[in-house]
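Engineer: Pasting a structure here, questions to come.
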Amino acid sequence: MIRLYDYVLSASCYKVRLMASLVGLKLEHEAVDFHPGLEHKSAAFRQMNPAGTLPVLMDGDLILTESTAMLVYLARMSGPEWLGPDTPQALAQVQQWLAFSGRLAASLGRARLHDMLLYPGDIDALRRDGHDALRELEAALTERRFAGRDWLVGDAPSIADIACFPNVALSQDGGVVLDDYPAIRLWSLSIRSLDRFVEMPGIHRLHELRPAPVEV
Amino acid sequence: MIAPEVLNEWYPVAMASQIRAGQRRQTQLLGQPITVVLTDGAIAVQGPTGSFPVIERFGHVWTCPGTPAHDLFTVPEVDQPGRRLVDVGVVRVKCSPLRAVENFLDIAHFPFVHTDILGAEPHTEVNRYEVQIREDTDEVWATKVTFYQPQAAKSAEVGIVTEYMYRVPAPTVSVLYKTCPVVPGEWDVIGIFVQPLTEELCDVWPYMALFDDVTPMAELIAFQQMIFLQDRSILENQIPRLLPLDPGMEIPTQADLTSIAYRRWLKKRGLTYGAQMVAA
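Protein chains in written order, with my numbering: chain V, 1 to 216; chain H, 1 to 280.
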């Protein structure tokens, strides 16, 4: 079974949990005491991942330490349609967004760790960088809407969307609100409406779109 | 100017194990800068004009920026042999420290905020329970609270009707006792220790003393962090920012009895830091 070294509040770990659920793969979860224990910085953990970061995905001899690589792996294993269209343009665009998701983690993700778990950082600069990235994403999604498309690449959701979604959806945890980004908010609703979507603390399921319970 | 009633209480300011490991914590208490350090093997809290008294209890460092009006509360259950003591770690929340406590006392939000864990639709009804301000210890207590829970604890495998008791033993602390899924007849103990940085900003230290020999520590911590982080975004959006202590326009229901008692108790004792006195 594929094993995920996991932390419940991590946006990058959630990215992998969400992808696994969307493609119907069951993972074995190994909880790591990221906070307050800093277990990911321990010597034992660094044996597995010298970078001392989460998540880590292990499948037999394969060890992955970059969450975007994990998305590729899970999609290729169980839901190849999530890799996006098989054209030179689309493949390159997906790579573009996977790399872009790193900018979201380095800005919005760091702002969240600062505000929530007291990580050091220049909070104003982190939020400013976060807004810069969000403006770029907003512009891209708006153009996609004008072209009649809901997703970042192609006609269907792909690993590009899943890579970018968590740190955007959690931005308020770091004091960045999405009020000024209507295309992003609509895109986020589209992702939360997917079959087999799973939530995490700070990203709620769509109560408002679900039918009311029968016995009220 | 902060009221002496507020200054003379005990507040949590650090996790003891982190200070003992040599970390130095520069933080705030009631708007004043403080430093928590290890000096000559003892934990000290330095305020702007000198040292504050220190108590190390429940894995955390407690201090009082005034003259302590009484000892820090105790929880005898914590010392029972066989309990796992879990320091869950700090989480910062942009809310009134009193709102963080009040939210912890609320049961009605379980099915909506902690969906499929601490509650689930359609089991949303809060049954009758009892609330009192105990004269002898001057604490708020809610007892005979019952609620249906799909996953009451990390160790719970099926949905159970959980019984709760809630207790407010200090102005920014609440401790609850809930049905222990693995040892019948015993209570699991879960607390939140809230450090008031300012009237609208707090550091929250969840804490647990559980009977559970099986679940790895990292999973116990993750479970409680998951629960508390589900509350955090709600807390940061509550309006008004300060906790109203006058009834005003809010209409409490049966389910809010504990909250009402907590607000009355704060008002009676003059514990108004993080509160507003004029109706919203």
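Heads up, the beta-carbon is just placed ideally off N, CA and C, and yes, glycines get one too.
May I ask you to report which of helix, strand or coil DSSP gives H/E163?
Structural biologist: It is a strand residue.
Engineer: Considering only their Cβ atoms, is the gap separating H/F147 from H/C180 smaller than 8 Å?
Structural biologist: Going by C-beta atoms, H/C180 is not nearer than 8 Å to H/F147.
Engineer: Quick one: using the 10 Å Cβ neighbour count with 16 as the cut-off for buried, is V/R146 buried or exposed?
Structural biologist: For clarity, residue 146 of chain V is Phe in the given sequence; the question names Arg instead. That one is exposed.
Engineer: If you follow the alpha helix (DSSP H) that H/G47 is in, where does it begin and where does it stop?
Structural biologist: Segment 42-47 is the beta strand (DSSP E) holding H/G47; no alpha helix (DSSP H) there.
Engineer: Assess contact between the segment 66-83 of chain H and the segment 43-50 of chain H, defined as three or more Cβ pairs (one per stretch) separated by less than 8 Å. Is contact present?
Structural biologist: Too few Cβ pairs lie closer than 8 Å, so no.
Engineer: What are the boundary residues of the alpha helix (DSSP H) that includes V/H114?
Structural biologist: Residues 110-117.
Engineer: Check for me: the alpha helix (DSSP H) holding H/H123 runs from which residue to which?
Structural biologist: First-last for H/H123: undefined, no H or E at that position.
Engineer: Excluding the 5 residues preceding and the 5 following V/G154 in the sequence, name in chain order all residues of the same chain whose CB lies nearer than 6 Å to its CB.
Structural biologist: Around V/G154: G84, P85, A90.
Engineer: Only counting the same chain, and skipping five residues up and downstream in sequence, which positions put a Cβ closer than 8 Å to that of V/E30?
Structural biologist: Within the same chain, V/E30 has close Cβ partners R3, L4, Y5, D6.
Engineer: Is the CB of H/A218 under 8 Å away from at least one CB in chain V?
Structural biologist: For H/A218, the answer is yes, since a Cβ of chain V falls inside 8 Å of its Cβ.
Engineer: Closest Cβ-Cβ distance between V/V216 and chain H: below 8 Å?
Structural biologist: With a pLDDT of 47 at V/V216, under the threshold of 50, the modelled position of this residue cannot be trusted; read the value that follows with caution. Yes, contact with chain H.
Engineer: Closer than 8 Å between beta carbons: that is the criterion. Which residues of the segment 107-135 of chain H meet it against chain V?
Structural biologist: From the segment 107-135 of chain H, only F112, T115, E121, P122 have a Cβ closer than 8 Å to chain V.
Engineer: Where does V/A11 land, buried or exposed, given buried means 16+ other C-beta within 10 angstroms?
Structural biologist: Buried, because 16 or more other Cβ atoms sit within 10 Å of the Cβ of V/A11.
Engineer: Between the segment 148-158 of chain H and the segment 71-78 of chain H, are three or more C-beta pairs nearer than 8 Å?
Structural biologist: Flag = no, the segment 148-158 of chain H and the segment 71-78 of chain H do not touch.
Engineer: Hey, does V/A20 have any beta-carbon neighbour from chain H nearer than 8 Å?
Structural biologist: V/A20 does not count as touching chain H.
Engineer: Rounded to whole angstroms, how far is the Cβ of V/N49 from the Cβ of V/T65, which I believe are closer than 8 Å?
Structural biologist: Confirmed, Cβ separation roughly 5 Å.
Engineer: Between the C-alpha atoms of V/A183 and V/L137, what's the straight-line distance to the nearest angstrom?
Structural biologist: Their Cα atoms are separated by approximately 9 Å.
Engineer: Count the other CB atoms, across all protein chains shown, that sit within 10 Å of the CB of V/H35; report buried if there are 16 or more and exposed otherwise.
Structural biologist: When all chains shown are included, V/H35 counts as buried.
Engineer: Between the segment 233-243 of chain H and the segment 162-174 of chain H, can you find at least three pairs of beta-carbon atoms closer than 8 Å?
Structural biologist: Cβ pair count under 8 Å is below three, so no.
Engineer: Using only the alpha-carbon positions, how far apart do V/G102 and H/V175 sit?
Structural biologist: Going by the C-alpha atoms only, they are around 40 Å apart.
Engineer: Which residues in the same chain as V/M116 place their Cβ atom closer than 7 Å to its Cβ, once the five residues preceding and following it in sequence are excluded?
Structural biologist: Taken in chain order, the residues that qualify are D173.
Engineer: State yes or no: is the beta carbon of V/E39 nearer than 8 Å to at least one beta carbon in chain H?
Structural biologist: Answer yes: the Cβ-Cβ gap between V/E39 and chain H drops below 8 Å somewhere.
Engineer: Measuring only the C-alpha atoms, how far is V/V16 from H/K268?
Structural biologist: Those two C-alpha atoms are separated by around 50 Å.
Engineer: State the Cα-Cα distance for the pair H/I19 and H/L38, rounded to the nearest angstrom.
Structural biologist: The alpha-carbon atoms of H/I19 and H/L38 are separated by roughly 6 Å.
Engineer: So H/L72 and H/P196 are supposed to be a Cβ contact under 8 Å. How far apart are they, rounded?
Structural biologist: The pair is not a contact, with the Cβ atoms about 16 Å apart (cut-off 8 Å).
Engineer: If the criterion is Cβ atoms closer than 8 Å, does the pair H/Q139 and H/R167 meet it?
Structural biologist: Note that residue 139 of chain H corresponds to Glu in the displayed sequence, not to Gln. The answer is yes: Cβ separation under 8 Å.
Engineer: For V/G202, count the other beta carbons within 10 Å of its own beta carbon; 16 or more makes it buried, fewer makes it exposed. Which is it?
Structural biologist: Flag for V/G202 reads buried.
Engineer: If you draw a straight line from the C-alpha of H/A255 to the C-alpha of H/T124, how long is it?
Structural biologist: Whole-angstrom Cα-Cα distance: 11 Å.
Engineer: Would you identify the three-state DSSP class for H/M1, choosing helix, strand or coil?
Structural biologist: Reduced to three states, the DSSP call for H/M1 is coil.
Engineer: Based on Cα-Cα distance, which residue from V/L134, V/L113, V/N167 lies nearest to V/D179?
Structural biologist: Among V/L134, V/L113, V/N167, the Cα nearest to that of V/D179 is on V/L134.
Engineer: Quick check on DSSP: helix, strand or coil for V/L205?
Structural biologist: Residue identity check: residue 205 of chain V is Arg in the sequence provided, not Leu. It is coil, neither helix nor strand.
Engineer: Short of 6 Å in beta carbon distance, which residues of its chain neighbour H/R24, apart from the five on each side in sequence? Order them along the chain.
Structural biologist: Cβ neighbours of H/R24 beyond the five flanking positions: V37.
Engineer: Excluding the 5 residues preceding and the 5 following V/L152 in the sequence, name in chain order all residues of the same chain whose CB lies nearer than 6 Å to its CB.
Structural biologist: Correct list, in chain order: W97, A160, D161.
Engineer: Can you tell me whether DSSP reads V/R77 as helix, strand or coil?
Structural biologist: Note on identity: in this sequence residue 77 of chain V is Met, with Arg being the wrong assignment. Three-state DSSP puts V/M77 in a helix.
Engineer: Below 7 Å CB to CB, which residues in the same chain sit around H/A120 once its five sequence neighbours on both sides are set aside?
Structural biologist: Only P111, P150 meet the Cβ criterion.
Engineer: Please list, in chain order, the chain V residues whose beta carbon lies closer than 7 Å to that of H/L229.
Structural biologist: Those are L9, P201, G202, listed as they occur along chain V.
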